[in-house]
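So for the sequence shown, numbering that gives the first Met the number 0 puts the first residue at 0; every next one is plus one.
Here is the structure we will look at.
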Amino acid sequence: MTPLSPTAFDPAPWDHLLAEIARRHHVPGIVAGVLSIDEETGRESRLVARTGVTNNRTGVATDRDTVCQVGSITKVATATMIMQLREEGKLDLDTPVLDLLPGVELDSPHASELTVKHLITHTSGIDGDLFTDTGRGDDCVEKYVATLKSADALFAPSAGWSYCNSGFVLAGRIIEVLDGRTWDASLRARITGRLELDTFLTLPEEVMAHRYQHGHVRAPGTSSWVPAPVSSITRSMGPAGLISSTVDDLLSFGGAFVRGGRTRDGARLVSDETVEMMTQSQWALDPAAAATAPEWGLGWMLDDWGGHRMFWHGGTTIGNNAWLQVLPDDGLVFVVFCNGGVAPYAAAEVYEAFAREFSDAVPTSTRRPSGPAADAVLDESWLGTYADASTSLVVERADDGGVQATVVVTGVAAPPEPPKPFALFPRSEPDQFVGRPDPLTPWAPVSFTTIEDRPVAYVGIRALPRCEQAAS
Numbered sequence: 000m001t002p003l004s005p006t007a008f009d010p011a012p013w014d015h016l017l018a019e020i021a022r023r024h025h026v027p028g029i030v031a032g033v034l035s036i037d038e039e040t041g042r043e044s045r046l047v048a049r050t051g052v053t054n055n056r057t058g059v060a061t062d063r064d065t066v067c068q069v070g071s072i073t074k075v076a077t078a079t080m081i082m083q084l085r086e087e088g089k090l091d092l093d094t095p096v097l098d099l100l101p102g103v104e105l106d107s108p109h110a111s112e113l114t115v116k117h118l119i120t121h122t123s124g125i126d127g128d129l130f131t132d133t134g135r136g137d138d139c140v141e142k143y144v145a146t147l148k149s150a151d152a153l154f155a156p157s158a159g160w161s162y163c164n165s166g167f168v169l170a171g172r173i174i175e176v177l178d179g180r181t182w183d184a185s186l187r188a189r190i191t192g193r194l195e196l197d198t199f200l201t202l203p204e205e206v207m208a209h210r211y212q213h214g215h216v217r218a219p220g221t222s223s224w225v226p227a228p229v230s231s232i233t234r235s236m237g238p239a240g241l242i243s244s245t246v247d248d249l250l251s252f253g254g255a256f257v258r259g260g261r262t263r264d265g266a267r268l269v270s271d272e273t274v275e276m277m278t279q280s281q282w283a284l285d286p287a288a289a290a291t292a293p294e295w296g297l298g299w300m301l302d303d304w305g306g307h308r309m310f311w312h313g314g315t316t317i318g319n320n321a322w323l324q325v326l327p328d329d330g331l332v333f334v335v336f337c338n339g340g341v342a343p344y345a346a347a348e349v350y351e352a353f354a355r356e357f358s359d360a361v362p363t364s365t366r367r368p369s370g371p372a373a374d375a376v377l378d379e380s381w382l383g384t385y386a387d388a389s390t391s392l393v394v395e396r397a398d399d400g401g402v403q404a405t406v407v408v409t410g411v412a413a414p415p416e417p418p419k420p421f422a423l424f425p426r427s428e429p430d431q432f433v434g435r436p437d438p439l440t441p442w443a444p445v446s447f448t449t450i451e452d453r454p455v456a457y458v459g460i461r462a463l464p465r466c467e468q469a470a471s
């Protein structure tokens, strides 16, 4: 490992770097940090850097204590609580979901086969992007789960893999039933309290007491990012993505996994065995689905950065993006928050800089084309319309003979203007492509495979079964 520079933990040069990255990628504000834990002594060193503003409208500057939406990183906290319940003997990973949630009905011929493990590995087959608002009451998660009675099944449990928010809300409801309290209350008792965190907030009135990052979206037809019209997702989706946190608190959460499940003071969050289970491969993804990582653990995505073991999770809410990355063998945790702009590219530059400074790990590169659109080859049999409850994809021949796609999103992630077809560019793997409608949008992976002999298109990490085939 390359020796650290004398200024490695000095925020000033990192503030300057973040400012330059934010400028180039149109990000209103970035807050990012590093936690380094000495393997022998357990001593911590921390860095938190920041740049820009929390909100373009107010001009309030970011600082170290700025609270940011962590989005789907919340799923790791939910999975951790499920594993705590396993340690307490209240469930097992193979326990059928309907045994834990008597009276719940799911619209699937395979509902009785659904287990806890299916929920926290995204292998349930439940349509994952049902963002139903069931109110602000303490019964909102229970009410949300009741709506899944009409949710379609994309595939049978363990037959495939697709990122599933709905499954994690089901997991959250299991926590509520077994603990006899709301998911939010269990989060405070099981995670926030044990780690002595100041944030990990779930309700707007809690967040409003702090300086917080508001998400930004691009104004239609411009290169300007403006405050998002909605500040956060609904409480009913809490177990899948509601937490807001400071960089320091999210670093502390990740640090518990570096320490084998222990807090900074030596108390137990989870056991060593649980950490090992959560960070071991539970599902190797079809190459078409591996847009973010090749394997999945229990709540965590698993990757390799140039021979360095790495587990992580990202989060996307309305105009906000977050990354939590743990390199356990290096004793490192990275966190990056961006509140708009071309966030995936900005964040990649930040954590690549962290990796260069604090280890010799080589982060996995973001997906980009391997050639021009004219080189995209897709068999006619893959053309057609693919959809789940919130996203549809139309794949067709373009006038120039190439391949084009149109993505229509409804719900909380719906774009502010009608979608336009965009060309698909090839990647080096067969039937895998990337595309984007304009240069200020990150490349989106679009890939094709089959699940249960049914054609499926992956848009990022979501499986969309084919609805119909286009005419040749």
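No residue lacks a Cβ here, since even glycine has one placed at the ideal position from N, Cα and C.
These numbers were taken from a predicted model, which means no experiment stands behind them.
- MET277 sits in a helix when the DSSP states are folded into three classes.
- Bridge partners of ASP303 according to DSSP: ARG308.
- Per the C-alpha coordinates, the member of GLY401, ASP399, LEU382 and ARG135 positioned closest to VAL393 is LEU382.
- Its Cα nearest to that of VAL361, the residue TYR350 stands out among GLN279, GLY32, PRO368 and TYR350.
- Only buried fits HIS213, as 16 or more other CB atoms lie within 10 angstroms of its CB.
- In the three-state reduction of the DSSP assignment, HIS215 falls in the strand class, which pools E and B.
- Residues of the same chain with their beta carbon placed closer than 7 Å to that of GLY306 are lacking, with the five preceding and five following residues left out of the count.
- DSSP places PRO368 outside both helix and strand once states are collapsed to three, so it counts as coil.
- Annotation: the continuous beta strand (DSSP E) that includes CYS337 extends over 331 to 337.
- Residue range 73 to 86 is occupied by the alpha helix (DSSP H) that includes ARG85.
- Within the segment 16 to 60, the runs of beta strand (DSSP E) that reach at least 3 residues and sit entirely inside it are, in chain order, 28 to 36 and 43 to 51.
- Contact annotation: ARG56 and PRO226 have beta-carbon atoms nearer than 7 Å.
- A residue is called buried when at least 16 other Cβ atoms come within 10 angstroms of its Cβ; PRO228 does not meet this threshold and is exposed.
- Non-local beta-carbon contacts of ALA283 in its own chain, meaning distances under 6 Å to residues more than five positions away in sequence, involve GLU294 in chain order.
- The segment 390 to 407 and the segment 134 to 143 do not touch, with fewer than three beta-carbon pairs separated by less than 8 Å.
- Residues of the same chain with a CB within less than 7 Å of the CB of ILE460, apart from the 5 flanking positions on each side, are TYR162, ALA288, ALA290 and THR291 in chain order.
- Under the three-state reduction of DSSP output, CYS466 falls in the strand class.
- Between the C-alpha atoms of ALA347 and SER364 there is a straight-line separation of about 8 Å.
- Sequence-distant partners of ASP126 (beyond 5 residues in either direction) whose C-beta falls short of 7 Å from its own C-beta, in its chain, are ALA150, ASP151, LEU153, SER165, ASP387 and ALA388.
- In this structure, the straight-line span from the alpha carbon of ARG258 to that of ILE242 is close to 23 Å.
- Annotation for ASP374: PRO425 place their beta carbon closer than 6 Å to its own, counting only its chain and skipping 5 residues before and after.
- At the C-beta level, TRP224 and ARG217 come within 7 Å of one another.
- Annotation for VAL269: no beta strand (DSSP E) segment contains it, and DSSP assigns it neither H nor E.
- For VAL325, the enclosing beta strand (DSSP E) covers residues 320 to 326.
- The three-state reading of DSSP puts CYS163 in coil, since its state is none of H, G, I, E or B.
- Rounded to whole angstroms, the separation of the alpha carbons of SER244 and ARG172 is 22 Å.
- In its chain, beyond the 5 residues on either side, PHE154, ALA158, GLY159 and ALA462 have a beta carbon closer than 7 Å to the beta carbon of ILE450.
- DSSP places SER391 outside any alpha helix (DSSP H); the residue lies instead in the beta strand (DSSP E), whose first and last residues are 390 to 396.
- Shown here, TRP182 sits in a helix according to DSSP, grouped into three states.
- In the DSSP assignment, PRO228 forms no beta bridge with any residue.
- By the CB criterion at 7 Å, PRO286 and ARG366 fall outside the cutoff.
- In the DSSP assignment, PHE424 forms a beta bridge with VAL433.
- For ILE450, the uninterrupted beta strand (DSSP E) segment begins and ends at 443 to 450.
- The segment 325 to 337 makes contact with the segment 250 to 265: 3 or more CB pairs, one atom from each, lie closer than 8 Å.
- For GLY240 and VAL246, the gap between their C-alpha atoms comes out near 16 Å.
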